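> Going by the working numbering, the sequence shown opens with residue 49, and the numbers climb by one from there.
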Amino acid sequence: MIGRRDFIKTSTLATGGLFLGVNLSCKEKPLEQLGPGELHDFNAYLSIDTNGIVQIANPVPEIGQGVRTSLPMLVAEELSVDWKNIKVIQADAGMRYGGYDQRAAGSNSVRIYWKPMRLAGATARELLIMAAANVWEIPRENCFASGGFIHNKSDKRSLGYGALAEKAALLEVPQNVELKKPSDFKLIGKSVSNPDIKGILNGSAVFGQDVRIPNMSYASMEKSEVYGATVKTFDSSAALAIPGVQKVFKVAFHGDIERPFCREGVAVVGDSVWAVLKGRKALKIEWDLGVNIKESTESLHQNCENLVGRKGDSEVKNDGDVYKLLNTSSNKLEATYHLPFIAHVPMETVDCTIDLRDDSCEIWSTSQVPFADLNFLSRFFELPTEKITLHLTRIGGGFGRRLGPDYTIEAAKVAKEIKKPVQYFWTREDDIQFDAYRPFSYHKLMATWNDNGQLTSWLHRQAGTSRYAFRPNVEPYISEFFPNHFPANLTPNFRQEYSLAVSNINRSLIRAPGNNSLAFAVESFTDELAYANNSDPLEFRLNLLRDGNKEFPFDVEEGTVISTQRMKDVLQLAAEKAGWSKKLPNSSGMGIAGYFTFDSYVAHVAEVSVDRHNGILTVHRFTSAVDCGQVLNVDGVKAQTEGAIIDGLSASLFQEVTIFEGKTNENNFNNYMVLRMKDAPKAIDVHIVDNGYPPTGMGEPPYPPVAPALCNAIYAACGIRIRKLPIKNQLKTF
């Protein structure tokens, strides 16, 4: 067990006040081993100045998920301070701020920092109470904290945190600090204002592309549309003749030539973005297109159709004897579903600003995994990590795109070549054509049931371009299947099979990886089973989950479980709030879907109509129920759900990356659509389950059930079953 003194230390601010250093990862050396000036080695901190203003360092990249609000709320709650007196700053990357835990991925932020950030606030509160008790010469038990003051229970005197901060900094850190009970929360579970909202609205908030440093140049790179292509020759004379263009040079690929971490190309450096873009356009490059010119989505369709038509290459899970039931049962159903490559398209395209000096480096990053980038840059520049400062700006969306190191590697190569400050950027065309896409996949599902309508077997075959296919000694299916997910353990005969569709097209994680494809297949097929049994889709799901609460292991290593009761609760709440049983006009329908992702449960009910004359789809309403355990910021949960619905509708209705002769056909929002206001739901209603469980993931869980809820609603409205995404023009035949 780590002692309190192993990860908390106090100090006095230079201007007076309290500084509290907190080692969130508990991996640094004990405090008693620290020398003078080493306090900065602690990775999260809060400070209280003599005016009572509390400054909190947020350790996690802010990509729009709201961690610059939710994580400081944890400190403010335990500190018992007014939210208006909180100032949030962004922590730099490094072990002092959590190392690998300092990441925006896997809906992990609140789960990781739930206790450590609260402990920081509770410790500061206790120190302030002790300081006030010393001033008044009374027992500590006669004092309590509230609203930024320590109050005397006996005579109603009070002292502000600012007046006590310096005295508190001189006290020994208490060993046993009591965290608040949920019943005592004043901030957690409420809605609070975004501390950055003013800067976002007036344009003063600094995103990656807003960074400006002295003597900075701009750079971008011209690359082949074919993944893995290399430069044969290039002519830079026309580019160099453009005013403002400073330098043109080749940048070699990094990694394997068939699947490089960054592609090969020709970089253009200039004194403005416009000069760089004109320079890129003027380049004349002859490419060696390589082996990937044979890649196409048409061939992937044919391959995956063949693969799911036979037994899978890998057995992921096998309970009972599925094939016996499939061969003997008279009640059976099968269906095949397809999900395409899709791109991340964050609002802000990727960028990185680097100031490389002889013996140090300063970086302004938009990475979701800054510690990984820090370690790569340390190796690449041959500098120890303590000589590299990696700042995190606000980030205009991530969705998994910024987990990849490609643009950081490219920026580093450019910085090393020109030896001066540079901001490296991608255009929107680069963003779509050179992205690492969500894997392409086919899903064939087969099931049987008895005469009472009870599910007796379930087979799920998947074929696709696993994002783990390139990892040595790793089964590719482990990134695309979750063996213990519903309806595993709910039928005695359950089997999952996977076949890898070999492809060198780059792919990676996208919001709720794996789950975003599985949910569409599983929840669409569940809906089809309900209709095949002449059952109401909600009642069919509830019957499948059965009476009472069953908890099944989900991730044995992490000790997580799936609760049937919690899934039933969100399904029933969403249905109730949507008016599931109400009569709808002709050509209108409701669809329901629920899914478990990152320990959270989310159900959506979509209400749509389809015009019988022209097949035009109107999404009227999404009603959502969310169980993410203890909610921190209610507005944050609602915003994440609303955003996931809009994101999910974009993917479901429009988005598809297609490949021909190794090239991505789509290149901007004219042919890779995002949802327009006219296509958005007229209303989104979000309802939160309050059940006292610890907080779980929230950034990704609302996304997977969007597509099946929408497509199930379309079937209810017009009888057309969508088994292939995106929907695009599939309703025109209605």
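C-beta atoms are modelled at their ideal positions from N, C-alpha and C, and glycine is treated no differently.
Values in this document were obtained by computation on a predicted structure and should not be read as measured data.
Candidates S408, D140, E465: which alpha carbon is nearest Q416's?
One-based indexing of the sequence shown puts residue 416 at position 368. The residue with the shortest Cα to Cα distance from Q416 is D140.
> Which term fits D421, buried or exposed, when burial requires 16 or more other beta carbons within 10 angstroms of its beta carbon?
Here residue 421 corresponds to residue number 373 of the sequence shown, with the count starting at 1. So D421 ends up on the buried side.
> Which class does R116 belong to by DSSP, given the choice of helix, strand or coil?
The residue labelled residue 116 in the question sits at position 68 within the sequence shown. Here R116 sits in helix by DSSP.
> In chain order, what residues of the same chain lie with their CB nearer than 7 Å to the CB of L548, ignoring the 5 residues before and after it?
As a first step, residue 548 is located in the sequence shown; it is residue number 500 there, counting from the start. The residues are D361, S514, A517, P524.
> With 16 other CB atoms within 10 Å as the buried threshold, where does W322 fall?
Residue numbering aside, residue 322 sits at position 274 when the sequence shown is read from its first letter. Exposed, because fewer than 16 other Cβ atoms sit within 10 Å of the Cβ of W322.
> For the beta strand (DSSP E) containing D336, name the first residue and the last one.
Numbered from 1 along the sequence shown, position 288 holds the residue referred to as residue 336. Looking at the DSSP string, the run of the beta strand (DSSP E) that includes D336 is 332-336.
> Considering only residues of the same chain and omitting the five flanking positions on each side of A765, which have a CB-CB separation below 7 Å?
Residue 765 sits at position 717 when you count from the first residue of the sequence shown. Excluding residues within five positions, the ones whose Cβ falls inside 7 Å are S635, S636, G637, V656, S657, V658.
> Suppose you measure from the CA of L438 to the CA of L404; what does that come to, to the nearest Å?
In the sequence shown, residue 438 corresponds to position 390, counting from 1. In the sequence shown, residue 404 corresponds to position 356, counting from 1. Cα to Cα, the separation comes out at about 12 Å.
> For T781, does the count of other Cβ atoms within 10 angstroms reach 16, so buried, or fall short, so exposed?
Sequence index remark: in the sequence shown, residue 781 carries index 733 (1-based). The residue in question, T781, is exposed, as its Cβ has fewer than 16 Cβ neighbours within 10 Å.
> Let me know if A623 comes out buried or exposed under the rule of 16 or more other beta-carbons within 10 Å of its beta-carbon.
Counting from one through the sequence shown, the residue named residue 623 turns up at place 575. The residue in question, A623, is buried, as its Cβ has 16 or more Cβ neighbours within 10 Å.
> Which of the three DSSP states, helix, strand or coil, is assigned to P418?
Numbered from 1 along the sequence shown, position 370 holds the residue referred to as residue 418. It is helical.
> For L773, is the classification buried or exposed, using 16 other Cβ atoms within 10 angstroms of its Cβ as the cut-off for buried?
Here residue 773 corresponds to residue number 725 of the sequence shown, with the count starting at 1. Flag for L773 reads buried.
> Do you know offhand how far L593's Cα is from G684's?
Your numbering for residue 593 matches position 545 in the sequence shown. Your numbering for residue 684 matches position 636 in the sequence shown. So the two alpha carbons sit approximately 30 Å from each other.
> So which of L219, M143, S157 has the shortest CA-CA distance to S118?
The residue given as residue 118 occupies position 70 in the sequence shown. Nearest of L219, M143, S157 to S118, Cα basis: S157.
> On the premise that Y643 lies in contact with A567, defined as a C-beta separation below 8 Å, what is that separation, rounded to the nearest angstrom?
Here residue 567 refers to the residue found at position 519 when the sequence shown is read from its first residue. Here residue 643 refers to the residue found at position 595 when the sequence shown is read from its first residue. With 8 Å as the limit, A567 and Y643 qualify as a contact, their Cβ atoms being about 5 Å apart.
> Say yes only if the C-beta of C409 is nearer than 6 Å to one or more non-hydrogen atoms of the ligand ZN, and no if none qualify.
No copy of the ligand ZN occurs in the structure displayed, which carries no ligand at all.
> Does DSSP put T376 in a helix, a strand or coil?
In the sequence shown, counting from the first residue as 1, residue 376 sits at position 328. In the structure shown, T376 sits in a helix (DSSP, three-state: H, G or I).
> Applying the criterion that 16 or more other CB atoms from any shown protein chain within 10 Å of the CB defines a buried residue, is Q31 buried or exposed?
Beyond the ends of the chain as shown, which are 49 and 782, falls residue 31; an answer cannot be given.
> Do N541 and S505 have their C-beta atoms within less than 7 Å of each other?
Locating residue 541 in the sequence shown gives position 493, where the first residue counts as 1. Locating residue 505 in the sequence shown gives position 457, where the first residue counts as 1. In contact: N541 and S505 (Cβ atoms closer than 7 Å).
> I need the boundaries of the alpha helix (DSSP H) containing W628, first residue and last residue.
Within the sequence shown, the letter at position 580 stands for residue 628. Careful: W628 lies outside any alpha helix (DSSP H) and carries neither H nor E.
> Verify whether the separation of the beta carbon atoms of P291 and V136 is less than 7 Å.
The residue given as residue 291 occupies position 243 in the sequence shown. The residue given as residue 136 occupies position 88 in the sequence shown. Their beta carbons are not under 7 Å apart, which means P291 does not touch V136 by this criterion.
> Could you tell me if Y763 is buried or exposed, where buried requires 16 or more neighbouring beta carbons within 10 angstroms of its beta carbon?
As a first step, residue 763 must be located in the sequence shown, where it is residue number 715. The residue in question, Y763, is buried, as its Cβ has 16 or more Cβ neighbours within 10 Å.
> Just to confirm the assignment, what range does the beta strand (DSSP E) spanning V609 have?
The residue given as residue 609 occupies position 561 in the sequence shown. Segment 608-611, the beta strand (DSSP E) holding V609.
> Find the nearest neighbour of Y720 within the set K234, E704, Y751, A459, judged by alpha-carbon distance.
Translated into positions along the sequence shown, residue 720 becomes position 672. Per the Cα distances, E704.
> Please report the residue range of the beta strand (DSSP E) in which K492 lies.
By 1-based counting over the sequence shown, the position of residue 492 is 444. Counting along the chain, the beta strand (DSSP E) containing K492 begins and ends at 489-497.
> Where does V316 land, buried or exposed, given buried means 16+ other C-beta within 10 angstroms?
Residue 316 sits at position 268 when you count from the first residue of the sequence shown. Buried, because 16 or more other Cβ atoms sit within 10 Å of the Cβ of V316.
> My understanding is that R543 touches N366, with C-beta atoms under 8 Å, so please give their C-beta distance in whole angstroms.
Taking the first residue of the sequence shown as position 1, residue 543 is located at position 495. Taking the first residue of the sequence shown as position 1, residue 366 is located at position 318. Confirmed, Cβ separation roughly 5 Å.
> CB-CB under 6 Å to S408, same chain, minus the five flanking residues each way: which ones, in chain order?
For the purposes of this step, residue 408 is identified with residue 360 of the sequence shown, where counting begins at 1. K435.
> Indicate whether at least one CB of chain D lies closer than 7 Å to the CB of E396.
The structure shown has no chain D; it contains just one protein chain.
> Less than 7 Å separating the beta-carbons of G169 and E126?
Here residue 169 corresponds to residue number 121 of the sequence shown, with the count starting at 1. Here residue 126 corresponds to residue number 78 of the sequence shown, with the count starting at 1. Yes, the pair counts as a contact, with Cβ atoms nearer than the cut-off.
> Could you spell out where the alpha helix (DSSP H) holding V685 opens and where it closes?
Residue mapping note: residue 685 aligns to position 637 of the sequence shown, counting from 1. Segment 682-701, the alpha helix (DSSP H) holding V685.
> If you run the structure through DSSP and keep just helix, strand and coil, what is E789?
An answer regarding residue 789 cannot be provided, because it is not within the stretch 49 to 782 covered by the chain.
> Measuring alpha carbon to alpha carbon, tell me which of F192, H668, G663 ends up nearest D733.
Numbered from its first residue, the sequence shown carries residue 733 at position 685. Comparing Cα-Cα distances from D733 to each of F192, H668, G663, the minimum goes to H668.
> May I ask you to verify whether the stretch 363-382 touches the stretch 466-484, counting CB pairs closer than 8 Å and requiring at least 3?
No contact exists between the stretch 363-382 and the stretch 466-484.
> Between which two residues does the beta strand (DSSP E) containing N106 stretch?
Numbered from its first residue, the sequence shown carries residue 106 at position 58. Here the beta strand (DSSP E) through N106 covers 102-106.
> May I have the straight-line CA-CA distance separating P164 from Y148, to the nearest angstrom?
Taking the first residue of the sequence shown as 1, we reach residue 164 at position 116. Taking the first residue of the sequence shown as 1, we reach residue 148 at position 100. Going from the Cα of P164 to the Cα of Y148 covers about 15 Å.
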